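Novice: Below is the structure I would like to discuss, written out as structure tokens.
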Amino acid sequence: MGRKRTQREAEVAAAHTTGNTVKSDLELIPVNGGDTEKKTSVKKKKEQRRERELKGGNVKKSRPEIEAESANADSKHKKKKNEDFEGSNSALSKDLPTVSIALPGSIIDNAQSLELATRLAGQIARAATIFRIDEVVVFDNAVNSQDSADIPLEPNLDENESGAAFLFMILKYMETPQYLRKSLFPMHKNLRFVGSLPPLDAPHHLRKHEWAPFREGVTLRDQHPKVGQTLVDVGLTKNVLIDQDIDPGKRVTVSMGTDRHLESDIPHKVVSTSTPRKVAGMYWGYKVRYAPNISSVFKDCPYKGGYDHIIGTSEHGISVSSSELTLPPFTNLLVAFGGLAGLEECIEEDNNLKGRNAHDIFDLYLNTCPHQGSRTIRTEVILLLLMNLPVPSLFVSSVFCYMQSGAATS
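Under this note's numbering, think of the first position of the sequence shown as 647, with each following residue one higher.
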């Protein structure tokens, strides 16, 4: 009697009958590394599936990938924002056109009293502020030409009693904010009647309760414990600190930042007087310069490249209607006014210009009132006439509008 066949033998016999192959026992036993091969196969399938998804545009990104892309996008956005901000600031920081006027001090000599002379100087200061003049040059047409090294930056107010010295002082006093005048101007006989003049109310003449991104101030004698820092009176209830060591009694323009309550002791920055105009489009007053003669007006121009367009006014100038008057593009414009006897006399008294034709000195020599009913027109009246012509007025307005629109974009 034969033995009973096992299940394995029965499977082998059945395989021989059907012609199929049966794996050996060794083949059924997993070899070493079988798990690794299985993992490799799964990884390969995932990579193939990802390639198909990439081609089809339907990709499910992992969380680290999403976070990395988000951080990259934020970085690009911040970089673009900084580039736009820097670009707008660079556009605003370009040199803006300036308008200067030159006046002879002799116009004061025609005033019958000190009070009337003060009022005349006050009218000129107000006109310069209204029309946003950047520089007022007061020249002394009674002084002979000097070497550049001997030319004073301002007249000696104690020794010089000329009209130029008087006009120079009143113009500077009126341009200075009220809260700084006591510190910057000692008592002087020329200032006897300035209290009767109406205030200019210029943008930098701020009151104690008003806030602005910039303020004019004067450095104080009080020593700050930290070296390299100075206290400044800017007309507020509390003095501010600046990050420079400056001698006391100096006028400075301070960037006030955003802290309106002045609770922080972080020092403020001292900026150029042109910064408020360049950055915020704010008219920040006029500079006053003294020139001993008319040739020094042109020669000692404080602007780089000098005045590139010069206009003279005289009854002997050409008559041009306001519709025909055009100004070429310029960087620094100067408008010169004559004294009691006109610009011709100022030129004749200057040794550097004596004998020259006024039409050759100026780019444009204008008669602003060709059909005048009076034999003479006072300089302060001519100043208002010329500054009120459409071209200069439109120019001043265009600069103001440009700066306002530019400041808004920043």
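Even for Gly, the Cβ is constructed at its ideal location relative to N, Cα and C.
This structure is a prediction, so every number in the text was calculated from the model and none was measured.
In the DSSP assignment, what are the bridge partners of V782?
Specialist: In the sequence shown, counting from the first residue as 1, residue 782 sits at position 136. Per DSSP, I747 and V934.
Novice: Is there contact here, the segment 827-847 with the segment 949-958, by at least three beta-carbon pairs under 8 Å?
Specialist: Touching, no.
Novice: Is it buried or exposed, S752, if we count other Cβ atoms within 10 angstroms and call 16 or more buried?
Specialist: Working through the sequence shown from its first residue, we reach residue 752 at position 106. That one is buried.
Novice: Return the residue from the list E909, I754, G768 and Y929 that minimises the CA-CA distance to G809.
Specialist: Sequence index remark: in the sequence shown, residue 809 carries index 163 (1-based). Cα-wise, what sits closest to G809 is I754.
Novice: Since L1030 and A811 should fall inside the 8 Å C-beta cutoff, what is the C-beta to C-beta distance between them, to a whole number of angstroms?
Specialist: The count along the sequence shown starts at 1 and reaches residue 1030 at position 384. The count along the sequence shown starts at 1 and reaches residue 811 at position 165. Going by Cβ atoms, the distance from L1030 to A811 rounds to 24 Å, so no, they are not a contact pair.
Novice: Does DSSP put G733 in a helix, a strand or coil?
Specialist: Here residue 733 is taken as the residue at index 87 of the sequence shown, counted from 1. Because the pLDDT of G733 is 39, which lies under 50, any placement of that residue in the model is unreliable, and the number read from its coordinates should be weighed accordingly. G733: helix per DSSP, three-state reduction.
Novice: Following the continuous alpha helix (DSSP H) through T764, name the residue where it begins and the one where it ends.
Specialist: Locating residue 764 in the sequence shown gives position 118, counting from the first residue. Looking at the DSSP string, the run of the alpha helix (DSSP H) that includes T764 is L760 to I776.
Novice: Looking at K896 and E781, is the spacing between their C-beta atoms short of 8 Å?
Specialist: Locating residue 781 in the sequence shown gives position 135, counting from the first residue. Locating residue 896 in the sequence shown gives position 250, counting from the first residue. Cβ distance not < 8 Å, so E781 and K896 don't count as in contact.
Novice: Determine the contact status of I956 and L1012, defining contact as a CB-CB distance below 8 Å.
Specialist: As a first step, residue 956 must be located in the sequence shown, where it is residue number 310. As a first step, residue 1012 must be located in the sequence shown, where it is residue number 366. No, these two residues do not count as a Cβ contact at 8 Å.
Novice: In this structure, what does DSSP give as the bridge partners for A982?
Specialist: Looking up residue 982 in the sequence shown gives position 336. DSSP output for A982 lists A748 and G958 as bridge partner(s).
Novice: Tell me which residues share the same chain as S794 and place their Cβ nearer than 6 Å to its Cβ, disregarding the 5 neighbours each side in the sequence.
Specialist: The count along the sequence shown starts at 1 and reaches residue 794 at position 148. With a pLDDT of 47 at S794, under the threshold of 50, the modelled position of that residue is not reliable, and the figure given next carries that caveat. Closer than 6 Å at Cβ, skipping near neighbours: no residue.
Novice: What are the partner residues of H914, as DSSP defines its beta bridges?
Specialist: Against the sequence shown, residue 914 aligns to sequence position 268. BP columns for H914 point to I888.
Novice: From this set, S829, V943, L877 and K924, which residue's C-alpha is nearest K915's C-alpha?
Specialist: To locate residue 915, count along the sequence shown from 1; it is residue 269. Nearest C-alpha to K915: L877.
Novice: Give the C-beta separation of P922 and F860 to the nearest angstrom, bearing in mind that I take them to be a contact with Cβ-Cβ under 8 Å.
Specialist: In the sequence shown, counting from the first residue as 1, residue 922 sits at position 276. In the sequence shown, counting from the first residue as 1, residue 860 sits at position 214. Confirmed, about 5 Å.
Novice: Over the uninterrupted beta strand (DSSP E) stretch that includes D642, give me the two end residues.
Specialist: Past the edges of the chain, shown from 647 to 1056, lies residue 642, and the structure says nothing about it.
Novice: Could you tell me the distance, in whole angstroms, from the CA atom of H962 to the CA atom of R935?
Specialist: By one-based count along the sequence shown, residue 962 stands at place 316. By one-based count along the sequence shown, residue 935 stands at place 289. One C-alpha to the other measures close to 27 Å.
Novice: Just reading off the beta strand (DSSP E) that I899 is part of, what are its end residues?
Specialist: Position 253 of the sequence shown, counted from the start, is the residue given in the question as residue 899. Checking the sequence shown, residue 899 turns out to be Thr, not Ile. Taken as a continuous stretch (DSSP letters only), the beta strand (DSSP E) holding T899 covers R897 to S901.
Novice: Which runs of the beta strand (DSSP E) at least 3 residues long sit entirely within the segment 841-875? Give them in chain order.
Specialist: List check, beta strand (DSSP E) in window: 860-865.
Novice: From the DSSP output, which residues share a beta bridge with G988?
Specialist: The residue given as residue 988 occupies position 342 in the sequence shown. Answer is G985, bridged to G988.
Novice: Among residues of its own chain, excluding the 5 on either side of R903, which ones have a beta-carbon nearer than 7 Å to its beta-carbon?
Specialist: Mapped onto the sequence shown, residue 903 falls at position 257. Per the sequence shown, residue 903 should be read as Gly rather than Arg. Once the five neighbours on either side are set aside, the close Cβ partners of G903 are H914.
Novice: Leaving out five residues before and five after Y929 in sequence, what residues of the same chain have Cβ atoms less than 6 Å from its Cβ?
Specialist: Residue mapping note: residue 929 aligns to position 283 of the sequence shown, counting from 1. So the list reads R778 and P849, once near-sequence residues are dropped.
Novice: Reducing DSSP to helix, strand and coil, say where L1012 ends up.
Specialist: The residue you call residue 1012 lines up with position 366 of the sequence shown. L1012 falls in the strand class under three-state DSSP.
Novice: In angstroms with no decimal places, state the Cα-to-Cα distance between F940 and D996.
Specialist: Numbered from 1 along the sequence shown, position 294 holds the residue referred to as residue 940. Numbered from 1 along the sequence shown, position 350 holds the residue referred to as residue 996. Checking the sequence, you will find Ile at residue 940 rather than Phe. Approximately 7 Å, taken between the alpha carbons.
Novice: Just mark L762 as buried or exposed, buried being the case when its beta carbon has 16 or more other beta carbons within 10 Å.
Specialist: Here residue 762 refers to the residue found at position 116 of the sequence shown. L762 comes out exposed.
Novice: Using the C-alpha atoms, what's the distance from P1016 back to P823?
Specialist: As a working note, residue 823 is residue 177 in the sequence shown. As a working note, residue 1016 is residue 370 in the sequence shown. Each residue's Cα considered, the two are about 39 Å apart.
Novice: Quick one: give me the first and last residue of the alpha helix (DSSP H) that S829 is part of.
Specialist: Reading the sequence shown from its first residue, position 183 is the one you call residue 829. Where S829 is concerned, the enclosing alpha helix (DSSP H) stretches over Q824 to L830.
Novice: Looking only at DSSP bridge pairs, what is I816 linked to?
Specialist: Locating residue 816 in the sequence shown gives position 170, counting from the first residue. Looking at the DSSP assignment, I816 forms no beta bridge with any residue, so it has no partner.
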